[in-house]
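Novice:
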Amino acid sequence: MAVLVGGLVLVPIARSIITSTTERHGQDSVFVGLDNYLALVSDDQFHTGVVNSFVFTAYAEIFKVVLGLAAALLLHHRRRGRAVLAGLLLVPWVVPTVVTAFSWRALLDPIFGSVNTLLTATGIGPLLASAHLVDSWPAGWLSDPSLAMPSVILVNVWKGVPFFTVCFLAGLKAIPADLYEAATIDGASAWQRFRNVTLPGLRHVITVTVTLSSIWTFNNFDLVWLLTQGGPGDVTAPYVLIAYSKAILQLQYGAGAAVTLVMLPIIGGLVFVLVRLLRQDTNIKLPRPRRRARWIGTQRWAGTARKALPWVVAALVTGLLAWASPQIFWKAAVVLGVILLIAAGVGRVVSTLQSRGGRRSSSVVSGLGSWAALAGLLFFVLGPLYWIAVTAFKSEGQVVMRTDDLWPTPWTLEQFGALFDNQPFGRWYLNTLLVSAASTAVALVCAALAGYALARLRFRGAQGFTVTVLLTYVMPGALLFIPLYQMLIGARLTDSLWSLVVTYPTFTLPFATWLLVGYFSSIPIELEEAALVDGCSRIQAFGRVVLPLAKPGLLAVALFTLTNAWNEFLFAFVFITKDEYKTLPVGMQSMIAGDVVPQGQLAAASLLVSIPVVIMYALGQRFLTEGLTAGAVKG
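The opening residue of the sequence shown carries number 1 in UniProt numbering; numbering runs sequentially from there.
#1: Between the Cα of L73 and the Cα atoms of L488, M616 and K173, which residue gives the shortest distance?
#2: I'd like to confirm the pairing. Which residues does DSSP put opposite E23 in its beta bridges?
#3: Quick one: Cα of A604 to Cα of L90, how far?
#4: Count the other CB atoms, across all protein chains shown, that sit within 10 Å of the CB of K578; report buried if there are 16 or more and exposed otherwise.
#5: Just list the residues that DSSP pairs V596 with in beta bridges.
#6: What is the C-beta distance between V381 and V435, in whole angstroms, given that I count them as a contact (C-beta under 8 Å)?
#7: For L515, tell me which candidate among G367, A455, V66 and Q599 has the shortest Cα-Cα distance.
#8: Distance check for S130 and F507, CA to CA, integer angstroms please.
#9: Below 8 Å, how does it come out for the segment 579–589 and the segment 362–379: are there three or more Cβ pairs, yes or no?
#10: For a test of the three-state rule: what should DSSP assign to L108, helix, strand or coil?
#11: For I111, count neighbouring Cβ atoms within 10 angstroms of its own Cβ and tell me buried if that reaches 16, exposed if not.
#12: Can you tell me whether G160 is buried or exposed, with buried defined as 16 or more other CB within 10 angstroms of its CB?
#13: So the alpha helix (DSSP H) H132 belongs to, where does it begin and stop?
#14: Measuring CB to CB, does L554 end up less than 9 Å from L479?
#15: At the level of alpha carbons, what is the spacing between A257 and G113?
#16: Does any CB atom of chain D fall closer than 9 Å to the CB of Q463?
#17: Can the beta-carbon of I206 be found less than 9 Å from the beta-carbon of Y59?
#18: Once you ignore the five residues that flank T97 on each side, which residues in its own chain have a CB closer than 8 Å to its CB?
#19: Could you check where the alpha helix (DSSP H) with V400 kicks off and where it finishes?
#20: Ends of the alpha helix (DSSP H) at C446?
#21: May I ask you to report which of helix, strand or coil DSSP gives P12?
#22: Could you tell me the distance, in whole angstroms, from the CA atom of H25 to the CA atom of V32?
#23: Taking just the CA atoms, how far does R360 sit from A70?
#24: Taking the alpha carbon of G6 as the reference point, which residue from A441, L128 and T503 has its own alpha carbon closest?
#25: Measuring CB to CB, does S16 end up less than 9 Å from P510?
#26: Can you tell me which of the three DSSP states C536 falls into?
#27: Taking S496 as the reference, which of G49, Q250 and V574 has the closest Cα?
#28: If you reduce the DSSP assignment to three classes, tell me which class W137 lands in.
#29: Among residues of its own chain, excluding the 5 on either side of M591, which ones have a beta-carbon nearer than 7 Å to its beta-carbon?
#30: Helix or strand or just coil, what does DSSP make of A541?
#31: Does the Cβ of A441 lie closer than 8 Å to at least one heavy atom of the ligand PLP?
#32: Nearest-angstrom Cα distance between K331 and D43?
#33: Does the segment 43–57 come close enough to the segment 317–335 to have 3 or more Cβ pairs within less than 8 Å?
#34: With a threshold of 16 other CB atoms inside 10 Å of the CB of P162, please say whether the residue is buried or exposed.
#35: Quick one, are the C-beta atoms of W141 and L108 less than 9 Å apart?
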């Protein structure tokens with residue numbers, strides 16, 4: 001594990017630092033010191049990329065928290081059908097990013113997209129234009145500079161809400177029911193119970209989830225590239241895309257490396273917060289009696305500062321958003337305000353009915369409000385997926401002429417036949433399967449051994465290595481793809497499946513190890529000690545006692561690593577250019593030639609790509625939740 005992490009993560013980072021001090025002149029690289037960093041001070045494209053990354057991340061996280069928390073609360077109070085609804089809400093997170101991008105690109109098309117058609121038919125579209133939420137109607141969602149960034153944020157929220165919902169749902173299950181009963185007996189309203197019981201109980205889970213998601217969103221490349229390629233102009237280009245443009249398209253590796261490294265302090269700050277959060281509840285020791293009074297005063301001051309910190313951060317982020325994106329700010333405020341007002345209005349009506357003794361009528365109103373919210377959430381989540389399914393079974397004439405949009409007449413397999421006849425889709429599928437299986441096998445074997453060692457064995461540097469694993473887990477691919485690309489060129493491994501098998505452990509192995517450390521720690525150590533007393537060796541105790549008990553954690557790791565490798569786009573996009581070695585995400589992206597978009601074939605491909613992953617998650621959903629709860633959330 002140490003060799004793999006050092007060779008695939010730490011060495012490339014060190015090499016990236018060296019590369020950032022060079023400039024390419026023809027075939028030679030010349031040392032230029034800090035010139036690449038100094039050039040960024042006056043680089044308007046870089047400034048735009050940094051602001052775009054901040055705006056994209058901040059708005060996406062705000063809406064993911066609000067919608068994810070609402071969905072988790074709705075599911076938590078459902079007694080019937082909760083597992084089915086949770087499985088349906090999880091689908092957008094499961095489907096590959098390339099499927100997400102192509103489905104939303106088609107839906108948001110200004111002329112042929114179903115979003116404009118639906119909003120026009122319901123009268124909502126002209127109303128949005130009259131309220132100046134859109135400049136004109138029909139709206140060019142991805143081509144209008146004022147709407148492109150909000151549209152990309154919307155798609156990221158659609159894909160990210162399920163992750164927040166699953167994490168918050170696990171956190172809600174951990175809150176003791178006695179606290180709600182005591183608050184109800186004391187006369188607390190629903191809002192007071194939410195504010196004083198639910199939010200404090202979810203504080204740790206919310207902070208960890210938001211921090212992790214912020215790191216992923218801030219370094220997002222594939223979704224933005226597949227939706228807009230950073231356009232129109234550079235309106236949606238994040239800093240990662242700027243680094244890709246400089247390093248890969250312009251072959252200025254030093255300038256590209258400088259772009260990624262100058263963002264490292266921001267990523268480092270988020271990682272520092274995450275590590276502190278994950279370790280704050282461990283190893284708490286009371287001081288000696290003489291120092292206890294001073295310690296209590298310090299703790300009170302720290303508690304006051306901790307309570308004030310979220311409000312300070314919220315005010316700072318709000319001010320920065322208002323300055324960086326004034327057009328998006330007021331539109332987002334209106335949408336968020338409408339959602340909160342509706343929720344507050346329903347809650348007020350229910351509370352009023354309860355206070356007047358109308359328990360039956362209050363339960364009816366509460367039930368109707370919950371079902372209406374769930375219906376709206378399911379429509380938002382499943383609408384794009386339904387469009388993919390029906391488009392895949394349309395004839396080319398139906399796709400082009402926009403007939404029978406909601407239900408193919410007749411159903412046909414024409415798009416599937418054209419997909420395999422016109423594209424090397426079968427080869428892409430086999431490549432993805434081979435790379436994903438190899439990456440998962442490496443991650444499972446190495447992570448199981450390393451996770452067990454870090455959880456059970458006591459050796460010098462164990463704590464520091466655990467933190468290093470977490471650091472490498474959250475390191476963005478944007479920081480690694482430039483030095484890894486140079487290393488693969490030197491080893492002549494580009495344009496081969498080995499380039500992906502070798503590099504995918506950079507993001508699968510650290511996560512798998514981190515999750516299994518938490519899971520192995522939750523297994524009682526007395527079971528292993530009993531096996532050791534009975535004559536088992538350490539390896540025998542690990543194989544016969546620990547591994548059978550760790551099946552949920554191992555299955556959760558297998559699901560995550562397999563789907564991450566199945567969906568990966570950045571490395572495959574940079575390292576592979578030949579058609580015969582492309583994986584499914586890159587191959588599907590190459591099917592688009594300029595303005596010619598084979599929507600029917602892309603829908604058929606999306607369906608074939610998504611079905612295996614959805615089936616795996618449907619079969620392993622219970623193990624996934626158990627593995628997350630024991631490993632990541634409580635770890």
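Cβ coordinates follow ideal geometry from the N, Cα and C atoms, glycine included.
Specialist: Taking the definition as stated:
#1: Ranked by how close their Cα comes to the Cα of L73, the residues L488, M616 and K173 have K173 in first place.
#2: E23 pairs with V30.
#3: Between A604 and L90, the C-alpha separation is close to 21 Å.
#4: Looking at its Cβ environment, which holds fewer than 16 other Cβ atoms inside 10 Å, K578 is exposed.
#5: Within the DSSP secondary-structure output, V596 pairs in a beta bridge with A593.
#6: The C-beta distance from V381 to V435 rounds to 29 Å, too long to meet the 8 Å contact threshold.
#7: It is A455 whose Cα lies nearest to the Cα of L515.
#8: Between the alpha carbons of F507 and S130 lies a distance of about 47 Å.
#9: With the rule of 3 Cβ pairs closer than 8 Å, the segment 579–589 does not count as touching the segment 362–379.
#10: For L108, the secondary structure class from DSSP, reduced to helix, strand or coil, is coil.
#11: By the Cβ neighbour-count rule, I111 is exposed, with fewer than 16 other Cβ atoms within 10 Å of its own.
#12: By the C-beta density criterion, G160 is buried, having at least 16 other C-beta atoms within 10 angstroms.
#13: That residue, H132, is in no alpha helix (DSSP H); it is neither H nor E in DSSP.
#14: Contact flag unset, no.
#15: Approximately 38 Å between the Cα atoms of the pair.
#16: In summary, chain D is missing from the structure at hand, where a single protein chain is found.
#17: With contacts defined by Cβ atoms closer than 9 Å, I206 and Y59 do not form a contacting pair.
#18: Counting only Cβ-Cβ distances below 8 Å, and skipping sequence neighbours, we find K159, D222, L223, L226, N567, F569 and P585.
#19: V400 -> alpha helix (DSSP H) spans E396 to M401.
#20: Start and end: F425 to R456.
#21: Under the three-state reduction of DSSP output, P12 falls in the helix class.
#22: Those two C-alpha atoms are separated by around 11 Å.
#23: The alpha-carbon separation between A70 and R360 amounts to approximately 23 Å.
#24: Closest by C-alpha distance to G6, out of A441, L128 and T503, is T503.
#25: With respect to the 9 Å criterion, S16 and P510 are not classified as neighbours on the basis of their beta carbons.
#26: If DSSP states are grouped into helix, strand and coil, C536 belongs with coil.
#27: Checking every option, the nearest Cα to that of S496 belongs to V574.
#28: Correct three-state label for W137: coil.
#29: Cβ neighbours of M591 beyond the five flanking positions: Q423, P598, Q601 and L602.
#30: The three-state secondary structure of A541, taken from DSSP, is helix.
#31: Only the bare structure without any ligand can be found here, which leaves the ligand PLP out of the picture.
#32: Their Cα atoms are separated by approximately 29 Å.
#33: Counting Cβ pairs under 8 Å, three or more are found: they touch.
#34: Burial of P162 is indicated by the presence of at least 16 other C-beta atoms within 10 angstroms of its C-beta.
#35: With respect to L108, W141 sits close: the two C-beta atoms are nearer than 9 Å.
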